[in-house]
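Colleague:
Protein chains: 4
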Amino acid sequence: MNFSSDNWAGASQPVMDALTRHNHGSAPAYGADPLTDRITQRFRDIFETDVSVLFTATGTAANALSMAACARPGGLVLASETAHLHCDEWGSAEFYTHGMKILPLATTAGRIAPDAVAEALAKYREGSRFGVPAALSLTQATECGTVYSPGEVAALTARARENGLVCHMDGARFANALVHLGATPAELTWKAGIDVLSFGATKNGCWCAEAMVVFNPQSLPHLAIHRARAGHLFSKSRFVAAQFDGYFEGDHWLDLARSANGAAARLAEGIGQGGRARVAWPVQANEVFAVLTQAQIAKLRGEGAKFYEWSREGCEDDEHVVRLVASFETTAEEVDRFVALL
Amino acid sequence: MNFSSDNWAGASQPVMDALTRHNHGSAPAYGADPLTDRITQRFRDIFETDVSVLFTATGTAANALSMAACARPGGLVLASETAHLHCDEWGSAEFYTHGMKILPLATTAGRIAPDAVAEALAKYREGSRFGVPAALSLTQATECGTVYSPGEVAALTARARENGLVCHMDGARFANALVHLGATPAELTWKAGIDVLSFGATKNGCWCAEAMVVFNPQSLPHLAIHRARAGHLFSKSRFVAAQFDGYFEGDHWLDLARSANGAAARLAEGIGQGGRARVAWPVQANEVFAVLTQAQIAKLRGEGAKFYEWSREGCEDDEHVVRLVASFETTAEEVDRFVALL
Amino acid sequence: MNFSSDNWAGASQPVMDALTRHNHGSAPAYGADPLTDRITQRFRDIFETDVSVLFTATGTAANALSMAACARPGGLVLASETAHLHCDEWGSAEFYTHGMKILPLATTAGRIAPDAVAEALAKYREGSRFGVPAALSLTQATECGTVYSPGEVAALTARARENGLVCHMDGARFANALVHLGATPAELTWKAGIDVLSFGATKNGCWCAEAMVVFNPQSLPHLAIHRARAGHLFSKSRFVAAQFDGYFEGDHWLDLARSANGAAARLAEGIGQGGRARVAWPVQANEVFAVLTQAQIAKLRGEGAKFYEWSREGCEDDEHVVRLVASFETTAEEVDRFVALL
Amino acid sequence: MNFSSDNWAGASQPVMDALTRHNHGSAPAYGADPLTDRITQRFRDIFETDVSVLFTATGTAANALSMAACARPGGLVLASETAHLHCDEWGSAEFYTHGMKILPLATTAGRIAPDAVAEALAKYREGSRFGVPAALSLTQATECGTVYSPGEVAALTARARENGLVCHMDGARFANALVHLGATPAELTWKAGIDVLSFGATKNGCWCAEAMVVFNPQSLPHLAIHRARAGHLFSKSRFVAAQFDGYFEGDHWLDLARSANGAAARLAEGIGQGGRARVAWPVQANEVFAVLTQAQIAKLRGEGAKFYEWSREGCEDDEHVVRLVASFETTAEEVDRFVALL
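Protein chains in written order, with my numbering: chain H, -7 to 334; chain E, -7 to 334; chain W, -7 to 334; chain Y, -7 to 334.
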């Protein structure tokens, strides 16, 4: 009953198999190998357009380097008040951008309202001594386990692009959003106005496979040098490419995400049944935010369940919002045992 | 006949096996897992002291983050004029230190002379508007394929430490130096005055396993946050630890280094025999720098040999210094074929 | 009727006289001149302790360099939500600290409540991925024209110091606070727990005289090099010192502040009389924040009054908070004419 | 007999008079005042083109902010090995550019040879891991007291511009070069390929008047925000403008430079006469570099002469190169007394 985080999971068997399969012979270093080329082509197929793909070691790096490449002095990054980029990355975006401010926007269930972007743009115009908006960053799926529709993404980016902002998507759980929506990767990104995507595969079945997928290279000058200078250009790049090979083969990545989303849905359903507890936000990806009493929390933990307390937003005195994350490895048995304990 | 670089090699079988072996179940993220703990203990055994160990994605990151943690405004990094840190890392050290200068010191066959450190210390004293020495970085084995003896390391660090400098070793090819010298890891590092080591395992048989090994944590405040903020804290840290597990098991790492060093020695011997060509510097690790004529270079390449031209230092008009790197995968047959072609 | 800002004023006559008086002969550059020494001693007398004094070109530089010298990776600056440092300095603090976040604290009439500091300290503890509090910055007088008592300063800094934070005071209008309180400079700063003060004299009668006054040098290592590296070490430092000479002579600086505060008080009284309008916050320094109707604003501007609209906080539909700043040059006639127009 | 530096001098009388003259009434802050406008227009007249002018507190700031505005990751600044920007500014350029390397070029008597630029461009091409040239910085007059002709400037910038470099001139002693050459400001800058000039007036008779004069604004995006964020935007900008008003009035600035250059020429002539000593480099501005014996140095200092020892380049055992700087205040009497003592 481990619902701590999807990054507690290991690597899926097809991903490990691909690692082993591609470990032979020598290959040019620093991403000039044929496998990295082939996987870049695979990304182009998946996104139905001519993207460039830059692997990084972590999602934090992908987010922060994307911001670095579009940084300007006195620039602002518009992001949700719960954005991982803002709340959970040790000030990485501020560091890599040499001090851009992150302007936290009000959200509903983790999603930025289009009005919030418009208001920020109206308030901080060129010449503002507070700063001037330079980039918009959305998380898909959000940190609250909800998902933006392609139309919602497009609405947010439209206002931003009119004002010259670069539009970034933190896709640490991109696959989970994708299978929930039944949309194509293209519809959810460049067709909806996204310039660059942090494409996360680590949480969903790789051990270390993250990439910046760039749809609009002009908006991110020098991105490749930013990455190299940051120490994020792997010499043996083919081993990241290998993981992606296993990840994409036969739509394995979508199966993994469906499995995790399914476990989360089963969990949410179980929690809601018979008034056991309530969920704080709609469950649209692989995360469930449940409002539990301290007694419930203590009991579950006593029986070995693992999860994090998240916040006290909208809680009664003896309640807490807990975060329950399902991974591709989460089993129906684990879920059912957890629900039964409630 | 691929002598391009040791980072063109794959991962050794025991390293891959360890990756597979440790891929089961869930484990805490961000380095809090038991395997990372166990490997940290292994480092302590190997270095015979209480070290802290921080994995990074690349050697560039390990070098630059080490410098970041001891940075001061107006500080200087003393390093050899051929240091990878200075010449081949896209300005990473300057970036991470917010603009410390690297002061290139004159070298002999890649090794900094003790006098060069003393002269720099005498010239740039506290108050210097050029800058003030803050750190010394040595590469072991050097970028010229030579090795510092423990005594030579100690002599360099002694003057530096008297002046309050932090002493760093870039150990991208640490194992190669170790087996050449027959010294212990402790003798070559903290016993010789090193505060922090970039411990490289990627070139020598892992696919992505680098670590900062810290002997003197007080000299590098906030190193862990520097790493996290840079996006170099792996969520699934156990997979780096797994590689080290296979790497260290049964002194596998030393065997790999011995194999590569042996191939380089065989190559150097073959090149020197019968006056085929001369080597530019003593061959003490896994790199051979050979002075070849353009005709020789053309012929070798025509037959499929791969290597980089390095410099024209000490060359006649039609000569070039080429770099030939042996990896753990280099075979005697490859070496002999190359020599025969000369 | 110019109430735009106190930095629209010129230099007072005694300050200009001092500039002229000290312009003779040659003097060592970069602050090693006897006049800079003498003025440093004057600061020590005024603050009744052994301070170091570093001139800078602007208050923005004094604030940001103070933060730079106590920066740490992943650090947070606690400051009021209206702090000049946060809202009006082009991201200077974030730039100079290489990306520390500013955490805006809730305020009442511009003053941070002690609880806000305590809450931030409780929420963001060592290890927080959002960041860890590293410094507290108070503005005295505040951006809302109010003043902290020495006891209030001490209460705020006490909690901060227990947690190892460096305590900074932005004293762009320090003199105005001082004469309002009738406190000594010492009581308002180091005796109340302040480590470093941005001492502003430009707004109050100099043309360019700002200084970092350091009470606790250990908390700000390398501050002098931070300043020099930022290009804020004047070669002809004696001309800043000269301004301070005229500024301090015969308590001229306190007279200037009393004059400005008096004009503001007269303005506030006039505005309040007969229900002409209301002031948003108590007037304790040289700034009046008045809630005016659009009709009043239009009329005043039509008659040549100059001032900025500030916010719409607590306003009815047709109201606006305007900021009216008195300088040492503001006359009773200007004030009365403005009031009469209301 | 004070030949320490021209920044030991005070302000000239016309400059002080202008400061006093313009100190009346209120004026918009942050450079929006009419006098700043008027002086900007004066710069346009002097440079015969449409420049933008940004005042800074120091020449170090003007140099470093110019570099900041054209910085790119992994960029190199080409500058002479004796450049003030490199040797005497506390790492300011590296700091403001977030870690660009300065590549020191070989010089003859302080002047970069055109070949040195060409060689650097050939060696460090796009993709170089050492870095890629992004800017060229020349000092005029050089740190060795010599002067580039307009043709020499044009030759250096031509190669740089072909390769997309931004061309900067450090004009701390621009006026001294100008009067030596009898060229126009336009001929010496934009007509010779310069994009941005650090225009120094402090050393030559102001107390604090430095400006970035921008000929090619597209090459320096966001320069104004770089300056503001660095704390180099004076609130009472008109007082810098006032100094320039006095400085430019009736070609006062050229008179000041002529006076200083004349004193230096007289000094050089006296030193050379009768074999008293030799000068190290041609004296073309207001600096004399003389090769003196230790005995001469001791005697001169014993009699109260002030100057700095510079280097031991080209010296016999008991010799030293000393730097003797004449300012606008240096008198013939001082010079003659110094010569007589030799």
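For each residue, glycine too, the CB sits at the ideal point set by N, CA and C.
(1) What in chain W is Cβ-close to Pro65 of chain E, meaning under 7 Å?
(2) Taking the C-alpha atoms as reference points, what is the distance between Arg121 of chain Y and Thr52 of chain W?
(3) For Ala1 of chain E, I'd like the list of residues in its chain whose CB is within less than 7 Å of its CB, leaving aside the five on either flank, ordered along the chain.
(4) Could you spell out the range, first to last residue, of the beta strand (DSSP E) harbouring Lys93 of chain E?
(5) Can you tell me the Cα-Cα spacing of Leu248 of chain Y and Pro6 of chain Y, whole angstroms?
(6) Is there a Cβ from chain Y that is less than 8 Å from the Cβ of His224 of chain H?
(7) Cβ atoms of Gly137 of chain H and Glu279 of chain H: under 8 Å apart, would you say?
(8) At what residues does the beta strand (DSSP E) containing Leu334 of chain Y begin and finish?
(9) In whole angstroms, what separates the C-alpha of Arg329 of chain W from that of Arg34 of chain W?
(10) Mind checking which residues open and close the alpha helix (DSSP H) that includes Phe240 of chain H?
(11) Identify the residues that DSSP records as bridge partners of Ser44 of chain W: which are they?
(12) Using 8 Å as the limit for Cβ to Cβ distance, is Glu311 of chain H near chain W?
(13) According to DSSP, which residues form a beta bridge with Arg64 of chain H?
(14) Kindly say whether Cys79 of chain Y, judged by its beta-carbon, lies nearer than 8 Å to any beta-carbon of chain W.
(15) Indicate whether at least one CB of chain Y lies closer than 8 Å to the CB of Pro142 of chain W.
(16) Starting from Pro125 of chain H, trace the beta strand (DSSP E) in both directions and tell me its first and last residue.
(17) How is Asn(-6) of chain W classed by DSSP in three states: helix, strand or coil?
(18) Three-state secondary structure (DSSP) at Cys159 of chain W?
(19) Rounded to whole angstroms, how far is the Cβ of Ser190 of chain Y from the Cβ of Cys62 of chain Y, which I believe are closer than 8 Å?
(20) What separation, rounded to the nearest whole angstrom, lies between the Cα atoms of Glu325 of chain H and Asn(-6) of chain H?
(21) Beta-carbon within less than 6 Å of Leu292 of chain W's beta-carbon, same chain only, minus the 5 sequence neighbours each way: which residues are those?
(22) Using only the alpha-carbon positions, how far apart do Thr323 of chain H and Gly242 of chain H sit?
(23) In terms of residues, what are the limits of the beta strand (DSSP E) holding Arg315 of chain W?
(24) Of the residues that make up the region 97 to 123 of chain H, which ones have a beta carbon closer than 8 Å to any beta carbon in chain W?
(25) Which residues bound the alpha helix (DSSP H) around Leu215 of chain E?
(26) I'd like the list of long-range same chain contacts for Val335 of chain E, defined as Cβ closer than 8 Å, with 5 residues on each side in sequence excluded.
(27) So the alpha helix (DSSP H) Thr12 of chain Y belongs to, where does it begin and stop?
(28) DSSP state of Phe166 of chain W, grouped into three classes?
(29) Does the beta carbon of His244 of chain E come closer than 8 Å to any beta carbon on chain H?
(30) Locate the beta strand (DSSP E) running through Tyr300 of chain Y, then write down its first and last residues.
(31) How would you call Thr74 of chain H, buried or exposed, if buried means at least 16 neighbouring beta carbons within 10 angstroms?
(32) Based on Cα-Cα distance, which residue from E:Pro125, E:Asp107, E:Ala164, E:Leu157 lies nearest to Gln132 of chain E?
(33) Looking only at C-alpha atoms, which of W:Ala287, W:Asn155, W:Ala203 sits nearest to Ala56 of chain W?
(34) Determine, using beta carbons only, whether Glu86 of chain Y comes closer than 8 Å to chain E.
(35) Output, in chain order, the set of chain W residues within a Cβ distance shorter than 7 Å of Asn155 of chain Y.
(36) By DSSP, does Val109 of chain W sit in helix, in strand, or in coil?
Modeller: Inspection of the coordinates gives the following:
(1) At a beta-carbon threshold of 7 Å, the residues of chain W lying near Pro65 of chain E are His214, Ile217, His218, Arg221, ordered along the chain.
(2) 37 Å
(3) Ser319, Phe320, Glu321
(4) 93 to 97
(5) 11 Å
(6) no
(7) Contact: yes.
(8) Unbroken run through Leu334 of chain Y: none, as it is neither H nor E.
(9) Note on geometry: alpha-carbon atoms of Arg329 of chain W and Arg34 of chain W lie some 40 Å from one another.
(10) Per DSSP, Phe240 of chain H is one residue of the alpha helix (DSSP H) stretching across 230 to 240.
(11) For Ser44 of chain W, which the question treats as bridged, DSSP gives the partners W:Val206.
(12) Judged by the 8 Å Cβ criterion, Glu311 of chain H is not in contact with chain W.
(13) BP columns for Arg64 of chain H are empty, so no partner.
(14) no
(15) no
(16) 124 to 131
(17) strand
(18) strand
(19) That pair is no contact at about 13 Å.
(20) Their Cα atoms are separated by approximately 12 Å.
(21) The residues are Leu333.
(22) 22 Å
(23) 311 to 317
(24) Arg121, Phe122, Gly123
(25) 215 to 221
(26) Because residue 335 of chain E is not part of the residues shown, which for chain E are -7 to 334, the question remains open.
(27) 5 to 13
(28) helix
(29) no
(30) Its beta strand (DSSP E) spans residues 300 to 303.
(31) buried
(32) E:Ala164
(33) Closest option to Ala56 of chain W, Cα to Cα, is W:Ala203.
(34) yes
(35) The contacting residues do not exist; Asn155 of chain Y stays about 28 Å from chain W at best.
(36) helix
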